[in-house]
Amino acid sequence: MSGNTALKRDTRDSTRGEIIRERGQREVFCGLTGIVWLHRKIQDAFFLVVGSRTCAHLIQSAAGVMIFAEPRFATAIISERDLAGLADMNDELDREVEKLLARRPDIKLLFLVGSCPSEVIKLDLSRAAERLSGRFMPDVRVLNYSGSGIETTFTQGEDACLASLVPEMPASTSAEPELLVAGALADVVEDQFRTLFADLGIERVSFLPPQRSGELPAIGSNTRYLLAQPFLTDTARALEERGARRLDAPFPLGEEGTTAWLAAAAREWGVSDEVFERVTAPGRERARLALGRYQDELAGKRVFFFPDSQLEVPLARFLARELDMQLTEVGTPYLHREHLARELEWLPDDVQLSEGQDVDKQIDRCWAAEPDIVVCGLGLANPFEAQGITTKWSIELLFTPVHGYEQAGDCAELFARPLRRREALRI
Amino acid sequence: MQLTVWTYEGPPHVGAMRVATAMKDVHYVLHAPQGDTYADLLFTMIERRAERPPVTYTTFQARDLGSDTAQLFQDAVRDAYERFQPKAMIVGASCTAELIQDDPGGLAEALELPIPVIPLELPSYQRKENWGAAETFYYIVKALSRPAGENSPARVRPSCNLLGPTALGFRHRDDVAELTGLLRMLGVDINVVAPWEASPDDIARLADADFNVVMYPEIADTAARWLKRTYGQPFIDTVPIGVSATRDFIAEVTELTNVDPGPVLADAASRLPWYSRSIDSTYLTGKRVFIFGDASHVLASARIARDEMAFEVVGLGTYSREFARDVRAAAADLGVEALITDDYLDVEERVQELQPELVLGTQMERHVAKRLGIGCAVISAPVHVQDYPAAYSPQMGFEGANTIFDTWVHPLMMGLEEHLLGMFSEDFEFSNETRPSHLGGGARVAEATTESAPQADDVLQWSDDAEKTLSRIPFFVRGKARRNTETFARERGIATITSETLYDAKAHFGR
């Protein structure tokens, strides 16, 4: 694979400046928010949050206008009666689940999702899931995970959800190596990766989560997995426990990241350089072409990341290396040293990393950094814009297909458009 | 436990945020875990506010629970005081913090800050957003208001306070402007508007006014009653939405103050009365409307619908349980049954059952109506970003009535369009599968059938010719025609519905 430029590792010692580690007010969603995209990804699953009115209101607000089709999620709101012990919460929960499943016979997988209140009162949802599974199997499988804000930050909800699926994956008896791609991807991206892997000659490829709960991929000691998303700490651990082995790679964002990510699998499967070049060349070419159009707009622009989805480090790397943007501070809720090892090697030396958040202090630093564009959550964006700072809402980076060759240009567009708009407005 | 998909109201601490965000120089420290900061986006995105809400969240995590969340809270209060230098603070707990019982009020008091610190008790597992807003406003008024003192300015003209407008309200910004103008024209000065843009100093001088105007009873009723008890300040709680209600409001103001309403009434800027009388509006007669929202807006809308538009109110309801009695009374007056619920599925079911021609509701009813292919106008919170229009669009006063006339008529078909549909029902664009052009055209998402609830002995059959006749009836009354015909057939023991039955039923029901 020596001919492949993207595989040349920057072996420079990454002894960059101190990482800022903070705790204080966090302007980040909790893990329940992941339900907004997960319920669309797994098409026969239903997510039942056991929580408070706040939980219901949060998901509704985060989902915004995605209100049309009847959603496959709901909140079982704990009431005063439940807390006072006047009602047995387990009986109440069983009753609600029964009603729900009667109304939605299309549901094959039900997640009981723990919340801050359910964690604090120590409502045991794993026992509830077991009990309900016993009752509704084989029609409906019931699992549980926590999306609570006291335990999970935003995308960690997806991590917890996928981790809960891993023990349910059937054991693989395959003697051949099998590839598993972990992390919810847009359907279109999944299709593109399938095609690329097939063209590389990697035939046994599956994705977690699957589109239908009955299609959970098999797993075993011949499973090699690639992380498609950087926030899958618990999922990775669970996969390893089932014997799977992680293929070390950066994340498939941008031309370079996608190539290195595909190459990690190609290397494992012994794909020849020649085949790898032939299969990836058109995608790489298209990605470079698409990104070239953004060079003028983005090169030299200073970007500041507030912590949000854990995608910050791979995105910053992409912006710095493929679009020549300048990084100021790159904040992330949690920095997974091992999963991000390849990414960190690729980051420029002068970047200020920060982990966790004390939002008021970070806003002060952001002003001092004089960025051209700030990547932040919805609560911060308009106040920044009103004060003359261009922003990109970070949630859009999760709701828009950005992975892979064909989306590299779209990813750049997300950063270019707010800057272009500010330029275009003459008012 | 109650299963909920979409909610009309958030938790009570969001109500407290609406009050704090509307005010100046007030800061709210909320004991809450990560994630509860989502509420900021309601204000910055939906209402497009240019500033972050003045709220500090303690952001405790699981690992803090065993140790010292109380210390975390005190640090957050101290830091927030130093950073934001507010003139008053409110402190409280969100749903999770309520469970760990840290006593935010006591903890904040122990810090002995040199400003008033007002503790909130908002039971999250019993109450909701509007109640939380009302309670917060009441606590603030109780803590900060002072008796009318010798420092009160000498006044020539009578004065009042406008109570109730908050952040994230439905058209509160424009209602304040409209009522301010109306009262000034009457010769009444505005002493304080609160919580909207009021500072703690403004709250302190509430008692200087001669009377209070309760603009939004859901939010200001509790505080207004307390002000009446404590300072003997009378209040007006007639909500001036609609022409008649605005006239009533003016009459009440003149009664309290002896100002002369003549010039204002003579100059009444509302075009609604004439527009409603003009012949092009004939087609509005008897339009069947369903109304749902908060109690104040539903009550006002019902009156406008019946008296000022000559609509037929076929159903109404509210999610404001606190005001259920008033809505039930209004429903009884209209001869319909009130729907008191906070489950949008109940509302959807009722809309489907009633087949109205127009739905007046919240954001949720807008989606329901869209799905069912029925026109809709938004009359009440909760609303989405498009209901914070750039244009001046009050609901209150005479200009509010103009806005309402335009907004409600817009989703309806004009008279001639309706006639054309009736005459040429076989035009391919008028078919069952096509969404009405004024609602965007394209295919219908869901067929708005109204299968009447099947009964055990229900053996009603529709003959082919009856189905054909039914299909020629304009889609917006087709559901009602089906329902009426089936009722008619059942009452007469008719098993198979023919064209004849359909026309008999039409004659029987008169429409």
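Chains C and A supply the protein sequences, listed in that same order. The opening position of the first sequence corresponds to residue 78 in our numbering, with each subsequent residue numbered one higher. The opening position of the second sequence corresponds to residue 404 in our numbering, with each subsequent residue numbered one higher. Beta carbons: idealized from backbone N, C-alpha and C, even for Gly. Here the structure is a predicted model, which means the values were calculated and not measured.
- Within chain A, the C-beta atoms nearer than 8 Å to that of Asn459(C) come from Thr447, Met448, Arg451, Arg452 and Ala453, in chain order.
- In terms of beta-carbon proximity, Ala784(A) stays away from the interface with chain C, with every pair separated by 8 Å or more.
- Bounds of any alpha helix (DSSP H) do not take in Glu447(C), whose DSSP letter is neither H nor E.
- The beta carbon of Thr472(A) does not come within 8 Å of any beta carbon belonging to chain C, so the residue lies off that interface.
- Boundaries for Ala794(A): no alpha helix (DSSP H) harbours it, and the DSSP string shows neither H nor E there.
- Residue pairing by DSSP puts Ser562(A) in a beta bridge opposite Asp592(A).
- Taking 7 Å as the upper bound on Cβ-Cβ separation, chain A lies near residues Gly226, Ile227, Glu228 and Thr230 of the stretch 223-234 of chain C.
- Assigned with DSSP and collapsed to three states, Val692(A) falls in strand.
- If you check the CB distance, Phe353(C) and Ala340(C) come in under 8 Å.
- Interface with chain A (8 Å Cβ-Cβ cutoff): Ala326(C) is excluded.
- Within chain A, the residues Thr407 have their CB atoms less than 7 Å from the CB of Thr152(C), given in chain order.
- In this model, Ser902(A) and Thr872(A) are separated by some 6 Å (Cα to Cα).
- Contact annotation for Ser471(C) against chain A: no contact, minimum CB-CB distance about 12 Å [criterion: below 9 Å].
- Annotation: Lys199(C) has no Cβ neighbours in chain A at a cutoff of 8 Å; minimum Cβ distance is about 10 Å.
- In this structure, the beta-carbon distance from Arg103(C) to Gln434(C) falls below 8 Å.
- In this structure His700(A) touches Ile644(A) by the C-beta definition: roughly 7 Å separates them, less than 8 Å.
- Three or more beta-carbon pairs separated by less than 8 Å are not found between the stretch 451-468 of chain A and the stretch 610-619 of chain A, which leaves the two stretches without contact.
- Here Tyr431(A) carries a strand assignment [DSSP, helix/strand/coil].
- Going by beta carbons, Gly297(C) and Ser241(C) fall outside the 8 Å limit.
- If only complete runs of 3 or more residues are kept, the stretch 383-441 of chain C shows the beta strand (DSSP E) at 403-409 and 429-434, in order along the chain.
- Contact between the stretch 355-375 of chain C and the stretch 475-495 of chain C is present: three or more C-beta pairs spanning the two stretches fall below 8 Å.
- If the five residues before and after Thr440(A) are omitted, its C-beta is found closer than 6 Å to the C-beta atoms of Tyr460, all from its own chain and listed in chain order.
- Boundaries for Gln464(A): no alpha helix (DSSP H) harbours it, and the DSSP string shows neither H nor E there.
- Under the three-state reduction of DSSP output, Tyr619(A) falls in the coil class, being neither helix nor strand.
- Secondary structure note for Thr407(A): its beta strand (DSSP E) is the uninterrupted segment Gln405 to Thr407.
- Residue state for Trp599(A) is assigned as coil, using DSSP reduced to three classes.
- Using a Cβ-Cβ cut-off of 8 Å, Val219(C) does not count as an interface residue toward chain A, since no Cβ of chain A sits closer than that to its own.
- The distance from the Cβ of Ala536(A) to that of Arg709(A) is about 29 Å, inconsistent with a contact at the 8 Å cut-off.
- Taking a cut-off of 8 Å on C-beta distances, the stretch 159-170 of chain C does not touch the stretch 468-483 of chain A, as fewer than three cross pairs fall below it.
- In this chain, the beta strand (DSSP E) harbouring Arg98(C) covers Ile97 to Arg100.
- Close to chain A, meaning a Cβ-Cβ distance shorter than 9 Å, is no residue of the stretch 265-296 of chain C at all.
- Straight across, the Cα-Cα distance linking Leu905(A) with Thr888(A) is about 6 Å.
- Around Leu761(A), the same chain offers Lys690, Arg691, Val692, Phe693, Phe714, Ile777, Gly778, Cys779, Ala780, Trp811, Pro814 and Leu815 as residues with beta carbons nearer than 8 Å, after the five sequence neighbours per side are excluded.
- At a cut-off of 8 Å between C-beta atoms, Cys779(A) does not count as an interface residue with respect to chain C.
- Looking only at Ala465(A), Ala570(A), Trp534(A) and Glu752(A), the smallest Cα-Cα distance to Ala442(A) is reached by Ala570(A).
- Sixteen is the threshold: when 16 or more other Cβ atoms of the shown chains lie within 10 Å of the Cβ of Met712(A), as they do, the residue is buried.
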